[in-house]
Amino acid sequence: MTDAITIEIIRHALLSAAEEVARNLCRTAYNTVVYEIHDYGIGIHDAAGDVVADAPGIAIFTRGNDYGIKKSLEFLGADAMRPGDVFILNYPYWASAHTLDPLVFAPIHDEDELIGFASCRIHILDLNQKDPGYVLDSTDVSQEGLILPAVRLYRRGERNDDVFHVIRFNSRMPERTIGDIQAQVSACVTGVRRTREIARKYGRDALLGAMRSINEHGERLARIGLAKLPKGTWTATDFVDSDGVDRETLVRLTATVTVTDDEMIVDWTGSAKDVRGPINLPPGQTEALSSLVFKALTTPDSPVVAGNFAPLRVVTEPGSVMHAVPPMPTFTLWTGLLAGEVVLKALAQGMPELVPACSGGDVCSMMGLGVNPRTGEPWLEATNEAVGFGATLDADGEDGIMHLSEPGCRNNPVEVLETKSPMIIESYGYRPDTGGPGRFRGGVGVSRVYRFTAPATGICLVYKTRTRPWSIAGGDEGEPNRVVLNGGTEREVVQGGSYNRLDAGETLANETGGGGGYGDPFTRDPAAVAHDVRNGFVSTAAARERYGVAVHPDAFTVDEEATAALRAAAPAHEGAR
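In my numbering, the protein residues as written are 1 to 577.
1. Tell me whether TYR154 sits in a helix, a strand or coil according to DSSP, three-state version.
2. Within this structure, are the beta carbons of PRO422 and ALA454 separated by less than 7 Å?
3. If we count the other Cβ atoms within 10 Å of its Cβ and call it buried at 16 or more, is ALA576 buried or exposed?
4. Spatial neighbours of LEU253 within its chain, please: CB distance less than 8 Å, with the 5 preceding and 5 following residues excluded, ordered by chain position.
5. Taking VAL141 as the reference, give the member of PRO329, VAL275 and GLY376 with the closest Cα.
6. Which complete beta strand (DSSP E) runs does the stretch 314-381 hold, if anything under 3 residues is left out?
7. Does the beta-carbon distance from GLY478 to GLY513 come in below 7 Å?
8. Could you round the C-beta distance between THR258 and THR233 to whole angstroms and report it? I think they count as a contact, below 8 Å.
9. Output yes or no for whether 7 Å exceeds the beta carbon distance between GLY517 and ARG431.
10. Across which residues does DSSP place HIS45 in a beta bridge pair?
11. Hey, out of SER16, LYS420, GLY390 and GLU406, whose CA is closest to GLY376's CA?
12. Who are the Cβ neighbours of THR557 in its own chain at under 8 Å, not counting the five residues just before and after it?
13. Given ARG501, which residues of its chain have a CB within under 7 Å of its CB, disregarding the five upstream and five downstream residues?
14. Can you give me the C-alpha to C-alpha distance between LYS130 and ILE424, rounded to a whole angstrom?
15. For VAL325, does the count of other Cβ atoms within 10 angstroms reach 16, so buried, or fall short, so exposed?
16. In the DSSP output, which residue or residues are listed as bridge partners for TYR430?
17. How should PHE331 be labelled, buried or exposed, when 16 other C-beta atoms within 10 angstroms of its C-beta is the threshold for buried?
18. What is the DSSP secondary structure of THR190, counted as helix, strand or coil?
19. At 4 residues or longer, and completely inside the stretch 208-294: list those alpha helix (DSSP H) runs for me, N to C.
20. Helix or strand or just coil, what does DSSP make of SER16?
21. Assuming TYR40 contacts GLY57 under a Cβ cut-off of 8 Å, what Cβ separation, rounded to an integer in Å, is found between them?
22. Once you ignore the five residues that flank ALA527 on each side, which residues in its own chain have a CB closer than 6 Å to its CB?
23. Are there 16 or more other CB atoms within 10 angstroms of the CB of VAL494, so buried, or fewer, so exposed?
24. So what's ILE37 in DSSP terms, helix, strand or just coil?
25. Starting from the Cα of PRO356, find the closest Cα among ALA22, ALA382 and ASP396 and give me that residue.
26. Excluding sequence positions up to five away, which residues of its chain have a Cβ less than 6 Å from the Cβ of PRO311?
27. State the DSSP-derived secondary structure class of VAL135, mapped to helix, strand or coil.
28. So THR585 and ARG482 are supposed to be a Cβ contact under 8 Å. How far apart are they, rounded?
29. Just to confirm before moving on: does the CB-CB distance between ASN215 and GLY307 stay below 7 Å?
30. Taking the alpha-carbon positions, what's the LEU15 to VAL51 distance?
31. Taking just the CA atoms, how far does ARG196 sit from PRO303?
32. Among CYS120, GLY487, VAL245 and ALA382, which one has its Cα closest to the Cα of ASN410?
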């Protein structure tokens with residue numbers, strides 16, 4: 001039996017190994033989405049595929065890696081996984097993501113015994129999907145690019161050129177695609193090497209015992225956290241703007257959450273079925289997004305390990321938007337980014353003191369691509385935008401930070417985008433008055449305006465524009481996301497998720513939503529409202545109309561007499577939903 005001190009040393013060694021995997025990946029990747037944004041999921045796993053250490057990137061990726069490794073073990077068998085092998089999997093229903101988020105993983109052996117896996121998932125740029133960049137309107141997985149069902153990139157340490165040739169000839173951007181996949185391989189090899197070093201230093205049995213103890217301890221922590229939660233059952237519904245094919249039809253997401261002494265059940269029964277477009281989720285991603293919320297409530301202060309999720313049960317209906325089955329399209333995975341806040345919306349009914357109001361509710365991605373006139377080469381760059389976070393029982397929501405589905409991620413810097421593409425960022429800043437008013441205010445969203453200096457395609461991945469970010473306890477809703485083409489001209493178009501052909505000189509503004517408010521805004525401290533006006537988060541007009549506070553527009557001081565009159569004259573404030 002491994003002693004507690006050695007277990008803790010090994011746990012930190014595994015965490016260090018995972019961080020080194022991430023650093024290796026970022027140093028070698030070709031794609032700014034990886035090395036600038038940190039669009040990755042990295043894990044060190046035990047021999048069953050359960051994660052024991054990760055490096056934060058996109059939160060829902062790591063649990064998806066568990067799912068993909070387990071499906072590959074079922075498909076190939078552990079005996080088929082030999083020292084020096086490296087596999088790639090992007091079959092969505094196993095991989096827990098779309099085809100351009102391939103999972104690369106490598107078995108870890110000590111001598112000839114399988115002791116674990118190293119995994120790395122990233123977003124790559126092209127695998128010959130039907131449209132360059134991103135697919136918004138596929139109706140069958142066969143339109144979504146090359147499928148790689150846990151095939152070997154390396155066999156016993158030797159490169160499998162047959163598979164690399166297939167990938168090369170099925171990509172519009174073969175150099176960057178192959179380069180990024182090789183970066184994944186290098187990252188996994190680093191994880192294998194470091195884990196084997198731990199086994200040699202402390203002994204195989206000590207390492208395997210520590211892995212078991214890490215997950216057992218993770219489960220104990222989760223059960224302690226679960227015991228502190230209110231018990232009950234609550235149901236909530238929210239919507240995705242559309243499935244990308246039936247553009248006028250909202251897509252229903254319904255979550256029923258039950259908390260008992262023994263488990264939390266997240267039941268997605270009642271969510272939309274027979275969804276034609278590519279917003280359907282592989283079941284592994286539905287498990288992953290549900291796990292993210294569960295961890296935030298029960299073990300937010302400890303690293304992710306599989307044991308954290310032992311008390312969680314996720315229920316889905318095969319064939320629904322939350323459980324895609326072949327050949328349902330899955331390319332636009334935005335359902336997985338929006339659905340976590342449906343779980344929070346349900347929990348807000350039973351534990352409003354523990355959860356925030358809705359954030360801007362989306363990652364609001366913009367992807368540009370075309371031919372760069374400076375180089376004559378194809379270009380593709382993308383970034384996610386920050387949103388306002390929802391307010392809580394005792395605090396304002398954060399202003400302009402990355403969505404809760406990607407807490408380890410960043411956006412792409414202006415300098416990088418302008419250097420690598422024919423785009424100019426004309427403006428970038430906060431969106432005043434977008435945070436939902438409340439006793440505590442929702443955070444405000446941001447606006448970034450792109451001007452294209454050459455013909456290009458601008459792909460907007462924004463799927464919460466038709467419903468507003470919900471609030472709690474009488475607060476007001478936040479302002480929703482929107483995309484504006486050629487703003488302020490007679491060609492202005494306001495929209496959401498879309499694939500746009502743009503000429504040189506045209507503009508695209510990605511304007512993100514604010515978080516919902518918490519509590520009656522007419523009880524907000526007037527000094528806090530004046531502070532928001534001074535900082536540009538709230539206008540003087542909104543201060544009067546939505547908070548009942550008169551703020552001097554130049555001195556940013558509160559007119560106490562006018563404020564008292566405004567609040568006395570106001571009808572009882574009926575907070576939003």
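Glycine included, every Cβ here is placed at the ideal spot set by N, Cα and C.
In short, the structure shows the following:
1. By 1-based counting over the sequence shown, the position of residue 154 is 154. DSSP places TYR154 in strand when its eight states are reduced to three.
2. Counting from 1 along the sequence shown, the entry for residue 422 is found at position 422. Counting from 1 along the sequence shown, the entry for residue 454 is found at position 454. The answer is yes: Cβ separation under 7 Å.
3. Counted from its first residue, the sequence shown places residue 576 at position 576. Residue placement at ALA576 is flagged as unreliable, the pLDDT there being 40, under the threshold of 50; a coordinate-derived value is accordingly withheld.
4. Working through the sequence shown from its first residue, we reach residue 253 at position 253. Cβ neighbours of LEU253 within its own chain (closer than 8 Å, five residues either side excluded): THR237, ASP238, PHE239, VAL240, TRP268, SER271, ALA272, VAL321, MET322, THR335, LEU338, ALA339 and VAL342.
5. To locate residue 141, count along the sequence shown from 1; it is residue 141. For the residues PRO329, VAL275 and GLY376, the minimum Cα distance to VAL141 belongs to PRO329.
6. As far as the stretch 314-381 is concerned, its whole beta strand (DSSP E) runs of at least 3 residues are 365-371.
7. Counting from 1 along the sequence shown, the entry for residue 478 is found at position 478. Counting from 1 along the sequence shown, the entry for residue 513 is found at position 513. Against a cut-off of 7 Å, the Cβ pair of GLY513 and GLY478 comes out as a contact.
8. In the sequence shown, residue 258 corresponds to position 258, counting from 1. In the sequence shown, residue 233 corresponds to position 233, counting from 1. Indeed, because the Cβ distance is near 4 Å, the residues count as touching under 8 Å.
9. One-based indexing of the sequence shown puts residue 517 at position 517. One-based indexing of the sequence shown puts residue 431 at position 431. Taking 7 Å as the Cβ cut-off, GLY517 and ARG431 do not qualify as a contacting pair.
10. The residue given as residue 45 occupies position 45 in the sequence shown. Beta-bridge analysis with DSSP links HIS45 to VAL51 and PHE117.
11. Here residue 376 is taken as the residue at index 376 of the sequence shown, counted from 1. Comparing Cα positions, the closest option is LYS420.
12. In the sequence shown, counting from the first residue as 1, residue 557 sits at position 557. Counting only Cβ-Cβ distances below 8 Å, and skipping sequence neighbours, we find ALA530 and VAL551.
13. In the sequence shown, residue 501 corresponds to position 501, counting from 1. Excluding the 5 residues flanking it on each side, ARG501 has same chain C-beta neighbours closer than 7 Å at THR457, in chain order.
14. In the sequence shown, residue 130 corresponds to position 130, counting from 1. In the sequence shown, residue 424 corresponds to position 424, counting from 1. C-alpha separation (whole angstroms): 28 Å.
15. On the sequence shown, residue 325 is found 325 positions in, with the first residue counted as 1. It counts as exposed.
16. On the sequence shown, residue 430 is found 430 positions in, with the first residue counted as 1. VAL446.
17. What you label residue 331 is simply residue 331 of the sequence shown in a count that begins at 1. A buried status is given to PHE331, since no fewer than 16 other beta-carbon atoms sit within 10 Å of its beta-carbon.
18. Taking the sequence shown and counting its residues from 1, the one referred to as residue 190 is at position 190. In this structure, THR190 counts as helix in the three-state DSSP scheme.
19. As far as the stretch 208-294 is concerned, it has no whole alpha helix (DSSP H) run of at least 4 residues.
20. Walking along the sequence shown from the start, residue 16 turns up at place 16. If DSSP states are grouped into helix, strand and coil, SER16 belongs with the helices.
21. Working through the sequence shown from its first residue, we reach residue 40 at position 40. Working through the sequence shown from its first residue, we reach residue 57 at position 57. The beta-carbon distance between TYR40 and GLY57, rounded to whole angstroms, is 4 Å. This is short enough to meet the 8 Å contact definition.
22. Within the sequence shown, the letter at position 527 stands for residue 527. Counting only Cβ-Cβ distances below 6 Å, and skipping sequence neighbours, we find nothing.
23. Counted from its first residue, the sequence shown places residue 494 at position 494. By the 10 Å Cβ count, VAL494 comes out exposed.
24. Position 37 of the sequence shown, counted from the start, is the residue given in the question as residue 37. Three-state DSSP puts ILE37 in coil, outside helix and strand.
25. In the sequence shown, residue 356 corresponds to position 356, counting from 1. Residue ASP396 is the option with its Cα nearest to PRO356.
26. What you label residue 311 is simply residue 311 of the sequence shown in a count that begins at 1. Cβ neighbours of PRO311 beyond the five flanking positions: ALA222, ARG223, LEU226 and GLU263.
27. Taking the sequence shown and counting its residues from 1, the one referred to as residue 135 is at position 135. In the three-state DSSP reduction, VAL135 falls in the coil class, being neither helix nor strand.
28. Coverage of the chain is limited to positions 1 through 577, which leaves residue 585 absent and any answer about it impossible.
29. Taking the first residue of the sequence shown as 1, we reach residue 215 at position 215. Taking the first residue of the sequence shown as 1, we reach residue 307 at position 307. Yes, they are a contact pair.
30. Residue numbering aside, residue 15 sits at position 15 when the sequence shown is read from its first letter. Residue numbering aside, residue 51 sits at position 51 when the sequence shown is read from its first letter. Spanning the alpha carbons of LEU15 and VAL51 requires a straight line of approximately 11 Å.
31. To locate residue 303, count along the sequence shown from 1; it is residue 303. To locate residue 196, count along the sequence shown from 1; it is residue 196. Using only the alpha carbons, I get a separation of about 21 Å.
32. Start at 1 with the first residue of the sequence shown, and residue 410 comes out as number 410. A quick correction: the sequence has Arg, not Asn, at residue 410. Taking only the C-alpha atoms, the option nearest ARG410 is ALA382.
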